[in-house]
Amino acid sequence: MIITKKRLAHIVFESDDWASKTFDIVLLGMIFGSIFIAILDSVASLRAKYGEIFFVLEWVFTILFTIEYFLRVWLSREPKGYIFSFFGMVDLLAILPSYLSFFVLNSQLFTVVRALRLLRVIRILKLGRYVAEAEYLTKSLRSSSHKILLFIGFVVTVVLIMGTFMFIIEGPQHGFTSIPIGMYWAIVTLTTVGFGDIYPVTPLGQLVSSLIMLLGYAIIAVPTGIVSSEMAAQKRKDEKAQANNSCPKCRFSPINLTDNYCKNCGEKLF
Numbered sequence: 001m002i003i004t005k006k007r008l009a010h011i012v013f014e015s016d017d018w019a020s021k022t023f024d025i026v027l028l029g030m031i032f033g034s035i036f037i038a039i040l041d042s043v044a045s046l047r048a049k050y051g052e053i054f055f056v057l058e059w060v061f062t063i064l065f066t067i068e069y070f071l072r073v074w075l076s077r078e079p080k081g082y083i084f085s086f087f088g089m090v091d092l093l094a095i096l097p098s099y100l101s102f103f104v105l106n107s108q109l110f111t112v113v114r115a116l117r118l119l120r121v122i123r124i125l126k127l128g129r130y131v132a133e134a135e136y137l138t139k140s141l142r143s144s145s146h147k148i149l150l151f152i153g154f155v156v157t158v159v160l161i162m163g164t165f166m167f168i169i170e171g172p173q174h175g176f177t178s179i180p181i182g183m184y185w186a187i188v189t190l191t192t193v194g195f196g197d198i199y200p201v202t203p204l205g206q207l208v209s210s211l212i213m214l215l216g217y218a219i220i221a222v223p224t225g226i227v228s229s230e231m232a233a234q235k236r237k238d239e240k241a242q243a244n245n246s247c248p249k250c251r252f253s254p255i256n257l258t259d260n261y262c263k264n265c266g267e268k269l270f
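Counting from 1, position 15 in the sequence shown corresponds to residue 15 in UniProt numbering; the numbering is continuous, with no gaps.
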């Protein structure tokens, strides 16, 4: 059975029939398999024992990914557009580390780059459909930027004051050798991480520590509330603009509901 170029392109780029879904499943297996091998190869004891096997498997995956990459370039309607697209660059980065290892002695550095192969899962699982929803988050962060900056300023002030207090209260004899060390402790405590490398010993220091711990929960909750309220407001604003057939930013009307951007100000519409 001869597979035409059109049919092959459908299998590679789509996922609406048995053949294309099978291709996606096999590709997913290859991606996770290659990442798993890279993880195991980073363990010194396993690399010493199974290094040759890992090397062979990595090259098997690399060759398969290389074939798939050039197949996508050949099947694309606009090869140049695919090569310089986001996913095209990700596909290229999926195969470059192995080839670059010929020229760089410490090839273990490329393990981080190999991890970028996981980004290919976004395309295979069609997670890109949720990018539009992320627009609300981007707009909300932009709208609430002044509030967030004010909040960050407040946190920095609290950290500075508490760090200074702990330096005065506890002193070098208890590990608080300087104000920056006290600020480091305040940040760790405010974020409820609590490494335990430095801790207050005096009753007054423990009281201040307790207050900072309680304040930490509020500090975590505040930015969440700011962004959530802005997201809700942004969504209502966009829905109202869509109902009124106008741009949510400049109120230009009427707009074409099929347009992605406002003709007047360039704002992303829907």
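Beta carbons: idealized from backbone N, C-alpha and C, even for Gly.
Computed from a prediction, not measured in an experiment: that's the story for all the values here.
In this structure, how does DSSP classify Ser34 when only helix, strand and coil are distinguished? In the three-state reduction of the DSSP assignment, Ser34 falls in the helix class, which pools H, G and I.
What number of angstroms, rounded off, separates the C-alpha of Pro79 from the C-alpha of Phe36? Distance from the CA atom of Pro79 to the CA atom of Phe36, rounded to whole angstroms, is 31 Å.
Between which two residues does the alpha helix (DSSP H) harbouring Phe151 extend? Phe151 -> alpha helix (DSSP H) spans Ser145 to Ile169.
State buried or exposed for Arg120, treating a residue as buried only when at least 16 other CB atoms are found within 10 Å of its CB. Per the 10 Å Cβ criterion, buried.
Compare the beta carbon distance of Ser143 and Glu52 with 9 Å and say whether it is the shorter of the two. The beta carbons of Ser143 and Glu52 sit no closer together than 9 Å.
Count the CB pairs spanning the stretch 56-71 and the stretch 27-42 that are closer than 8 Å, and state whether there are at least three. Of all C-beta pairs linking the stretch 56-71 to the stretch 27-42, three or more are shorter than 8 Å, placing the two stretches in contact.
Can you find the residues in the same chain that come closer than 7 Å, C-beta to C-beta, to Thr62, ignoring five residues on each side of it along the sequence? Taken in chain order, the residues that qualify are Ile95 and Ser98.
Considering only residues of the same chain and omitting the five flanking positions on each side of Gln234, which have a CB-CB separation below 6 Å? Excluding five sequence positions before and after Gln234, the CB atoms of its chain that fall closer than 6 Å to its own CB belong to Tyr136, Lys139 and Ser140, given in chain order.
Does the stretch 165-184 touch the stretch 192-206, meaning 3 or more C-beta pairs lie closer than 8 Å? Result yes; three or more Cβ-Cβ pairs closer than 8 Å.
Starting from Asp197, follow the alpha helix (DSSP H) in both directions and report where the run begins and ends. Element bounds for Asp197: n/a, residue is neither H nor E.
Out of Arg117, Val159, Leu75 and Ile67, point me to the one whose CA is closest to Arg86's CA. In the sequence as presented, Arg is not what sits at residue 86; that position holds Phe. Nearest neighbour of Phe86 by Cα position, chosen from Arg117, Val159, Leu75 and Ile67, turns out to be Arg117.
From what residue to what residue does the alpha helix (DSSP H) around Gly51 run? Gly51 -> alpha helix (DSSP H) spans Ala44 to Leu75.
On the three-state DSSP scale, how would you describe Phe87? In this structure, Phe87 counts as helix in the three-state DSSP scheme.
Throw me the rounded Cβ distance for the Leu207 and Leu190 pair, which I believe falls under 8 Å. The Cβ separation is near 16 Å, so there is no contact.
So the candidates are Ile11, Ser34 and His146; which of them puts its Cα closest to the Cα of Asp24? Each of Ile11, Ser34 and His146 was checked against the Cα of Asp24, and the nearest Cα belongs to Ile11.
Using DSSP with H/G/I as helix, E/B as strand and the rest coil, what is Thr22? Residue state for Thr22 is assigned as helix, using DSSP reduced to three classes.
Closest Cα partner of Asp91 within the set Thr177, Ala232 and Ile67: Looking at Thr177, Ala232 and Ile67, the one whose alpha-carbon comes closest to that of Asp91 is Ile67.
So is Met213 buried or exposed if we call it buried at 16+ other beta carbons inside 10 Å? So Met213 ends up on the exposed side.
State the Cα-Cα distance for the pair Phe54 and Tyr217, rounded to the nearest angstrom. Cα-Cα distance, rounded: 45 Å.
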